[in-house]
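S.K.: Residue numbers (full-length UniProt numbering): 1 to 411.
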């Protein structure tokens, strides 16, 4: 402290065990009994399931075929390798379909390449599946009292669902090395996340909101004590074995008191912002155009429940994203940009709800927006805010205060 008082530089470190590594599957209690759930690779074409991936087209839709994109020599080599792997597993087959999407490659975090089919044009003529994805806030609300966690990540979850036979030709894609179609669900198809969410909800239904929360292909097992966690983990793994669903052991973590899940850190005390995301926000360069502003607000807004009066602070930035507003970066925008960065680096631990009682809602209103905070026994559960709607700008302040109460109760 004396060193700091004399101008010395200091650093705050935050250490978590959320990515604790394990040498092998045999080292993990309970998990070691289920080696078949954690194969070295997917065994091949998936079993028949209650959920098949179906593709419905808007009336009058005609086949779309695009010329293959030009690829670099290194990408062509990777394309040949990945095509052969998909053929060997039975995930694709040669096609004579009138449909055909181009292929591109995206570099992954580990510097390897992921082959992606550019289905953007095809998705425009697909009927959108309205199956609901859960709100992340609602998922976290189920974790009250939990202190033991395990996270299971499916191995290429999309490839564990078959495409309905009559829809297979619609998945076709074109490459320099041939024309192919998918027998399993492919990345890039607009309804793929909804289909996988549907499957996982059906598979995990008896355990949902009791010991398991699921978001697409991520499974979080949570328990109040070690004994319960052993039972809950075994129940999940027995279910995966029965349904012939496979997980990637290297992406799973088990028996933790603190875990990273859906870009947050969760422990018995509550929910924190993922430190890696804080770093991404603090390193964000100055926005140069509306697209940059939208990207920044998208990342910062993901954690708006941690920031009191987020909408009010961000109002000057939000205005720059409107089509009828000229992009001018001024003092107000700079202040909002830096304040949001600062707020995220100092984001509090949000307490998980503890039972159904003793909740208090505080609301606030001004002509910059509406805000509220949900508390329980003096601890913050969540912040919420929004900007005023067009007609609300003309409200007298007492009506705005009532609007803030209504907003808080509707969340």
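C-beta: ideal position from N, C-alpha, C; glycine also.
Pull up the distance between the alpha-carbon of residue 225 and that of residue 143, whole angstroms please.
M.R.: If I take the Cα positions, the gap works out to 13 Å.
S.K.: Ignoring anything shorter than 3 residues or poking outside the stretch 205-242, list the beta strand (DSSP E) runs there in chain order.
M.R.: Segments of the beta strand (DSSP E) lying fully in the stretch 205-242: 212-215 and 218-223.
S.K.: What's the call for residue 95, buried or exposed, on a 16-neighbour Cβ count within 10 Å?
M.R.: Residue 95 should be labelled buried.
S.K.: Thinking C-alpha only, which one of 145, 111, 248 and 77 is nearest residue 176?
M.R.: Closest option to residue 176, Cα to Cα, is 77.
S.K.: Taking a contact to mean a Cβ-Cβ separation below 8 Å, would you say residue 365 touches residue 400 in this structure?
M.R.: The answer is yes: Cβ separation under 8 Å.
S.K.: Counting Cβ pairs closer than 8 Å, one from the stretch 328-344 and one from the stretch 281-289, do we hit at least three?
M.R.: Taking 8 Å as the limit for Cβ pairs, the verdict is that the stretch 281-289 does touch the stretch 328-344.
S.K.: With distances taken from CA atoms, which of 65, 87 and 348 is nearest residue 98?
M.R.: The option with the nearest alpha carbon to residue 98 is 65.
S.K.: Mark residue 330 as exposed unless 16 or more other C-beta atoms lie within 10 angstroms of its C-beta, in which case mark it buried.
M.R.: With fewer than 16 other Cβ atoms within 10 Å, it is exposed.
S.K.: Apart from the five residues on each side of it in sequence, which residues of its chain come closer than 8 Å, Cβ to Cβ, to residue 26?
M.R.: These residues qualify, in order along the chain: 32.
S.K.: So, helix, strand or coil for residue 369, using DSSP?
M.R.: Looking at residue 369 - three-state DSSP - the assignment turns out to be strand.
S.K.: If you run the structure through DSSP and keep just helix, strand and coil, what is residue 191?
M.R.: If DSSP states are grouped into helix, strand and coil, residue 191 belongs with coil.
S.K.: Does any heavy atom of the ligand HEM sit closer than 7 Å to the C-beta of residue 229?
M.R.: Absence of the ligand HEM is noted for the structure shown, with no ligands found whatsoever.
S.K.: Which one or two residues does DSSP pair with residue 148 in a beta bridge?
M.R.: According to DSSP, residue 148 bridges with 223.
S.K.: Could you compute how far the alpha carbon of residue 233 sits from the alpha carbon of residue 276?
M.R.: Near 28 Å, if we compare the C-alpha coordinates of residue 276 and residue 233.
S.K.: Looking at the structure shown, is residue 3 part of a helix, part of a strand, or coil, going by DSSP?
M.R.: The predicted model places residue 3 with a pLDDT of 41, which falls under 50 and marks its position as unreliable; any figure quoted below should be read in that light. Of the three classes helix, strand and coil, the one that applies to residue 3 here is helix, per DSSP.
S.K.: Does residue 174 pass the burial test, meaning 16 or more other C-beta atoms within 10 Å, or should it be called exposed?
M.R.: Buried.
S.K.: Helix, strand or coil for residue 94, going by three-state DSSP, please let me know.
M.R.: In this structure, residue 94 counts as strand in the three-state DSSP scheme.
S.K.: Using C-beta distances below 8 Å, list every residue in its chain close to residue 133, excluding the 5 sequence neighbours before and after it, in chain order.
M.R.: For residue 133, where only same-chain residues beyond five positions count, the Cβ hits under 8 Å are 193, 194, 197, 215 and 216.
S.K.: Under 8 Å, do residue 254 and residue 28 count as touching if we go by C-beta distance?
M.R.: Cβ atoms of residue 254 and residue 28: closer than 8 Å.
S.K.: Less than 8 Å between the beta carbons of residue 183 and residue 93, yes or no?
M.R.: It is a contact, given that the beta carbons lie within the stated cut-off.
S.K.: Hey, how far is the Cα of residue 104 from the Cα of residue 86?
M.R.: So the two alpha carbons sit approximately 16 Å from each other.
S.K.: Count the other CB atoms within 10 Å of the CB of residue 391; is the residue buried (16 or more) or exposed (fewer)?
M.R.: It counts as exposed.
S.K.: Where do the ends of the alpha helix (DSSP H) carrying residue 277 lie?
M.R.: That run of the alpha helix (DSSP H) goes 275-282.
S.K.: Should residue 369 go down as buried or exposed, given a rule of 16 or more other Cβ atoms within 10 Å for buried?
M.R.: When all chains shown are included, residue 369 counts as buried.
S.K.: So, with DSSP's three-state summary, where would you put residue 390?
M.R.: In the structure shown, residue 390 sits in a helix (DSSP, three-state: H, G or I).
S.K.: What is the DSSP secondary structure of residue 117, counted as helix, strand or coil?
M.R.: It is a strand residue.
S.K.: CB-CB under 8 Å to residue 118, same chain, minus the five flanking residues each way: which ones, in chain order?
M.R.: Only 66, 69, 101, 102, 103, 104 and 188 meet the Cβ criterion.
S.K.: For the 8 Å Cβ check, are there 3 or more pairs between the stretch 45-56 and the stretch 199-212?
M.R.: Because the criterion of three Cβ pairs below 8 Å is met, the stretch 45-56 and the stretch 199-212 touch.
S.K.: So, do the stretch 352-363 and the stretch 284-292 have three or more beta carbon pairs nearer to each other than 8 Å?
M.R.: Short answer: they don't touch.
S.K.: At the level of alpha carbons, what is the spacing between residue 402 and residue 161?
M.R.: The alpha-carbon atoms of residue 402 and residue 161 are separated by roughly 48 Å.
S.K.: I'd like the list of long-range same chain contacts for residue 249, defined as Cβ closer than 6 Å, with 5 residues on each side in sequence excluded.
M.R.: Excluding residues within five positions, the ones whose Cβ falls inside 6 Å are 25 and 38.
S.K.: Here's a check: name, in chain order, each residue in its chain whose Cβ is nearer than 7 Å to the Cβ of residue 252, leaving out the five neighbours to either side.
M.R.: The residues are 151, 152 and 153.
S.K.: Report all residues from its chain with a CB closer than 6 Å to the CB of residue 321; omit the five preceding and five following residues, and keep chain order.
M.R.: These residues qualify, in order along the chain: 290, 293 and 294.
S.K.: Assign residue 178 to one of three DSSP states: helix, strand, or coil.
M.R.: Reduced to three states, the DSSP call for residue 178 is strand.
S.K.: Which stretch, first to last residue, makes up the beta strand (DSSP E) that contains residue 106?
M.R.: Taken as a continuous stretch (DSSP letters only), the beta strand (DSSP E) holding residue 106 covers 103-107.
S.K.: Express the C-alpha separation of residue 123 and residue 420 in angstroms, rounding to a whole number.
M.R.: No statement about residue 420 is possible, as the shown extent of the chain runs from 1 to 411 and does not include it.
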